[in-house]
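Report on one structure; see the data block that follows.
Protein chains: 4
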Amino acid sequence: MPSHDPAALRTYSYLGPRGTFTEAALAQVPDATGQNWRSVNSVPEALADVTSGVSDGAVIAVENSIDGGVSAAQDALATTPGLRIVGEYLVAVDFSLVARKGTRLEDVRVINGHPVAYAQSRIWIDANLPGHGHIPATSNVAAAANLLENELADAAIAPPSITEHYDLDVLAEHIGDNRNAVTRFALVTRDRRIPEPTGADKTSLVAELPVDQPGALLDMLEQFSTRGVNMTMIQSRPIGDALGRYRFVIDLDGHIRDERVADALMGVHRFSPHVRFLGSYPRADKKPIRFDPRYDDDVYIEARDWLRGLISSEPGADD
Amino acid sequence: MPSHDPAALRTYSYLGPRGTFTEAALAQVPDATGQNWRSVNSVPEALADVTSGVSDGAVIAVENSIDGGVSAAQDALATTPGLRIVGEYLVAVDFSLVARKGTRLEDVRVINGHPVAYAQSRIWIDANLPGHGHIPATSNVAAAANLLENELADAAIAPPSITEHYDLDVLAEHIGDNRNAVTRFALVTRDRRIPEPTGADKTSLVAELPVDQPGALLDMLEQFSTRGVNMTMIQSRPIGDALGRYRFVIDLDGHIRDERVADALMGVHRFSPHVRFLGSYPRADKKPIRFDPRYDDDVYIEARDWLRGLISSEPGADD
Amino acid sequence: MPSHDPAALRTYSYLGPRGTFTEAALAQVPDATGQNWRSVNSVPEALADVTSGVSDGAVIAVENSIDGGVSAAQDALATTPGLRIVGEYLVAVDFSLVARKGTRLEDVRVINGHPVAYAQSRIWIDANLPGHGHIPATSNVAAAANLLENELADAAIAPPSITEHYDLDVLAEHIGDNRNAVTRFALVTRDRRIPEPTGADKTSLVAELPVDQPGALLDMLEQFSTRGVNMTMIQSRPIGDALGRYRFVIDLDGHIRDERVADALMGVHRFSPHVRFLGSYPRADKKPIRFDPRYDDDVYIEARDWLRGLISSEPGADD
Amino acid sequence: MPSHDPAALRTYSYLGPRGTFTEAALAQVPDATGQNWRSVNSVPEALADVTSGVSDGAVIAVENSIDGGVSAAQDALATTPGLRIVGEYLVAVDFSLVARKGTRLEDVRVINGHPVAYAQSRIWIDANLPGHGHIPATSNVAAAANLLENELADAAIAPPSITEHYDLDVLAEHIGDNRNAVTRFALVTRDRRIPEPTGADKTSLVAELPVDQPGALLDMLEQFSTRGVNMTMIQSRPIGDALGRYRFVIDLDGHIRDERVADALMGVHRFSPHVRFLGSYPRADKKPIRFDPRYDDDVYIEARDWLRGLISSEPGADD
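Which chain is which? The protein sequence lines are A, B, C and D, in order. Going by the UniProt record's numbering, the first sequence opens with residue 1, and the numbers climb by one from there. Going by the UniProt record's numbering, the second sequence opens with residue 1, and the numbers climb by one from there. Going by the UniProt record's numbering, the third sequence opens with residue 1, and the numbers climb by one from there. Going by the UniProt record's numbering, the fourth sequence opens with residue 1, and the numbers climb by one from there.
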């Protein structure tokens, strides 16, 4: 259990309350063990804590989240200056249907649950509870907690760990449509020191495209492909000032200290009217990055030396 | 006002209740005037109505929605066979803060509203109602309606038209952060007949990328660029079977009967393990498509004739 | 030995006189056996014979020729309407130093030889005949024949087969710098029937680039790469109307009846202000073409059927 | 007239004898005025003079030459270490038909001339001298000179300036097929100092492609296009070790000290198994290079500073 003594401890904000998938992600952060964990109500709030200095770090869902908020997280990262991702963590997504003590499945008429969790459990719910009603909750943990506060709903969709925190019965386990579902979380800080390269790193950035330039997305992606840099994720997000204008949230294989990644970042910086580096950090799965040897650091260094030799007129540079 | 006589009328499903932005979009559909309008609780429900034959059409938000559900809409379109987009409509997004008769702004402690609408009105709300609480609603209209049913909230975020349907006071107008916000809606049917080309058309598709092929996204986008076809939107959506696998929802300038669009669609079909054509339909803004004359239909027809001449050994084909 | 009876026989023009590498290529053409072989003095003359109907076919060097004339051949193919390549043949390039009977190597002061053959034998010649002089000849066979007509030169660079035709001594064999040198020849006709596909075919074309369009060459090459069509040769040749304007002579893997090649040819036709199809014909090395299965004919046919189904509104096309 | 005093003078080799187009190019080199001009018999000889130190510079034809030898020049530049291009010069190509004093056009039976000049004057010659014979010469000046030495030919194809050096009659002027023909010459040295940027510069290089990598040419050209560097010439030349293996001689707009050119050169160096920088030098036509402002030096410097700021963890770098 994390300590909650605020004195001299570091503080980490997370989408609470206790029992959320986000808290499960925070529990994976080694530096957070025994520190102050601060439960907040939304991703923007968690990031605001970091920006303002209330917290030292925040854990937020950044991909395929069930707790919701991924788009919000990406938009917040894209627009909030000074934030950096320093780690990523994976949490398997799994749902139980829980109810007040003594409730039977056949008694359930109304279900409480976050809209995303509800949507992702529809196959089981529709098959087992035809004719049920749904009340949306701000989080699945809130849905479960509400069962003990009022009788608006008969059951709640919640993470399996919920019974560690609330005195509820489990009516059914593993009710999610997709048994392999995983949510990816990021640890965000305002510390500008970049974690050391490990050989199994990821780099995240946000870039806007030049206006009114057909093929601009293609041009931007070529900045990566011509340097042998692999993209693991791309998300377009509306910039919000007009329909049809997007920024792209991109994850790359490799670390900013890898020559090919640094060169690609410079390429995007020259190209994009607005680009933000979100961080280089170890991959959650610790899989070493593989890339064509022709994009090795040595090849970059050799090319730079060759160019310097040419420009300085040293003999032998290209003979 | 739409008629609600179900006899011999066509039925259109929309995310209700009455007063939503989605209803405002449906009001723009000429064929829907005087027909049966069916209010439903979610985008999947609206699409299920079309698939099952309960409705003839459904209007759903597909981009930058405030009513929420855009990701859900894109996922549903990507995975539900037999659906086609036959029209698009734009609705300006505008919010009022409404309350029960007699409420003063300074009395407002708790606000009800859809989480997206709430997020998009935070600047005004934080400035004018510091210390307020927020209760999430399934829709902004529901938030407004709830004011008359219980006293959980003091005010609601709602579309300006809400006062046509509910007896409420307007405490503030235009409280959204972005004055130019617009939501794009699609009219979806199961009719496979494609609307005639108008010269100002859009084509929508969903395509998956081949697995484990670096540069695959680049290759797919080149299918468009080598035919001079402009992309107006691209959205990546996780396929859901594993982290890191995406499908792309894409809008193109032009109609499937335009040679360059047809050729690009065939190129994507050859390339992608799974591609779905979602429809060709008139643009909401009716702006004629502009493209390089070297991608004109005539150029395609001429190239095809040239090739046929060569293969059939007709004299003169390339002289 | 080819027959030289002109009655009712087909006529083939080649760069003569007898004994040239070009004649060795002609000897590989099955249909030419026992037909009329017509020795001419230049590649343009050989092609003019075909155009005018004097000959049924002509064999010309098209790559890495020692007899010279490759640029001329490519320019002639690019600009002469009505010509088609129907076959290709390879001849190993090998040189002997020959002289009048009784000449000793140490007596050689002046060498006659085609400038290209001379240039390609310089290593051996400079090592063994320092201080020699060189007289250029129109062909190596002419150089050898001249030895018997006048005493301007003491020795000649010639193909090994020269001693079958002329009574000369061989002073040295294999004097070429590169032991693996090979020249590629094309059989050119004015017959517009394209040889049947064999699975090991090559397609040749000539294309100009649009004027003043940066990246135009890249755009043209993408016409091939987006269809998985491999280029085996590209030669730029000045168009001749102004410095900096080029046409490109290109060889592709595959046959015009292969869907991917046909599609790429149409792509180039749409793109290029001037493109000429020079022919599809069996490769000299008979190596079957390998390509990514995603560019198979079936994949093209399937894509076309899919598109037709969509446009004709047939049910099931993309479900 | 150039001085021929060898003492303390610089020496420039050129394809002679006096009167060639190459000499006309040398006459445009300011530094060569009053220096030692050394006439040689071939382009390789001229370059060997530079390599060995016999000459300080050599002028050679590099594009669209009538004196011949362009392929030889490109191959020599590609394979001779230590050579650099430091200037380029243009000479208009123009031919006269000249003969011994008193010869009339109707008397001409046999024409002497370099094969390329002969080929480029065929329209006029065939129209005015049907049934003529052709004797190839090593150069057009040699052809003219031969008229005074023997009677093998009745007339010669020669540059207009030939009558300044030889006592011959002009039978016809401007007999070339193309009135706009121009040859481009390069001044080659072994001095490794690169001429200062002028804003109207050209950069030449030779690069081989990686073996057996489909799309390799496309990949190489993208090294230029992704940096906004325009190619003004590309020539493929067989490497000579096997059919189908090419090196590419490429001219780029800009100077190696331009950031975008330097970056593209490094990109090619990383990509190509063998690349040689041939030089950056002022364009003959002195036309300033135009390029997209997003590839300006400042943009490169800014991107580099941004990257350095990120890596050094300085605050503010991307805020």
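Cβ atoms here follow ideal geometry from the backbone N, Cα and C, with glycine treated the same way.
Here A24 of chain A has V91, P159, S161 as same chain residues with Cβ atoms under 8 Å from its own Cβ, once five neighbours each way along the sequence are excluded.
In the DSSP assignment, V59 of chain B is bridged to B:Y14, B:L187. In the displayed model, D31 of chain D falls within a helix according to three-state DSSP. Distance between E149 of chain B and G228 of chain B, taken at the CA atoms: about 56 Å.
A direct Cα-to-Cα measurement between R122 of chain D and V40 of chain C gives close to 16 Å.
Nearest in C-alpha terms to A58 of chain A, of all of A:Q74, A:R38, A:A72, is A:R38. By the neighbour-count criterion, in which a residue is buried when 16 or more other Cβ atoms sit within 10 angstroms of its Cβ, K202 of chain C is buried. Between the C-alpha atoms of I311 of chain B and R10 of chain C there is a straight-line separation of about 25 Å.
Chain-ordered, the chain A residues with CB closer than 8 Å to the CB of E222 of chain B read L218. With the criterion set as a beta carbon lying under 9 Å from some beta carbon of chain A, the members of the stretch 189-209 of chain D are D191, R192, R193, I194, in sequence order.
Taking C-beta separations shorter than 7 Å and ignoring five residues to either side along the sequence, the partners of H255 of chain B in its chain run P197, D201, T203, V261, S280, following chain order. Under the three-state reduction of DSSP output, L307 of chain A falls in the helix class. Here the stretch 129-149 of chain C makes contact with the stretch 105-115 of chain C; the two share three or more CB pairs at distances below 8 Å. For the stretch 293-311 of chain D, the residues whose beta carbon sits under 8 Å from a beta carbon of chain A are, in order, R294, Y295, V299, Y300, E302, A303, R304, W306, L307, L310, I311. Think of a sphere of 8 Å around the beta carbon of H269 of chain D: the chain A residues whose beta carbon falls inside it are E302, A303, W306, L307, in chain order. Chain-ordered, the chain C residues with CB closer than 9 Å to the CB of L265 of chain B read A303, W306, L307, L310. Here D251 of chain A is bridged, per DSSP, to A:S204, A:M233. DSSP, read as helix, strand or coil, puts Y246 of chain B in strand. Burial check for D154 of chain C: the Cβ neighbour count within 10 Å reaches 16 or more, so the residue is buried.
Short of 7 Å from the beta carbon of R276 of chain C, and not among the five residues preceding or following it, lie these beta carbons of its own chain, in chain order: A78, L205, V206.
Of the residues A:Y295, A:E63, A:T189, the one whose Cα lies closest to the Cα of V54 of chain A is A:T189.
At least 7 Å separates the CB of G131 of chain A from every CB of chain B. Residue environment for A264 of chain C: buried (at least 16 other C-beta atoms within 10 angstroms of its C-beta).
At a cut-off of 7 Å between C-beta atoms, S313 of chain B counts as an interface residue with respect to chain C. Within chain D, the residues S225 have their CB atoms less than 7 Å from the CB of G215 of chain C, given in chain order.
For F277 of chain D, a Cβ of chain A is located within less than 7 Å of the residue's own Cβ. Here N180 of chain C is exposed, its C-beta having fewer than 16 other C-beta atoms within 10 Å.
The beta carbons of S96 of chain C and E45 of chain C sit no closer together than 7 Å. At a cut-off of 7 Å between beta-carbon atoms, A145 of chain C makes no contact with chain B.
The beta-carbon of I234 of chain B is placed less than 7 Å from the nearest beta-carbon of chain A. For N41 of chain D, there is no enclosing beta strand (DSSP E), since its DSSP letter is neither H nor E. Of all alpha-carbon atoms in D:S236, D:D253, D:A284, the one lying nearest the alpha-carbon of Y246 of chain D is that of D:S236. Using a Cβ-Cβ cut-off of 7 Å, A262 of chain A is close to L307 of chain D, given in chain order. Following the DSSP letters along the chain, one finds I194 of chain D in no beta strand (DSSP E), marked with neither H nor E. Q35 of chain C places its beta carbon 7 Å or farther from that of Y89 of chain C. Among the residues of the stretch 70-100 of chain C, those with a Cβ less than 7 Å away from any Cβ of chain D are A72, in the order of the chain.
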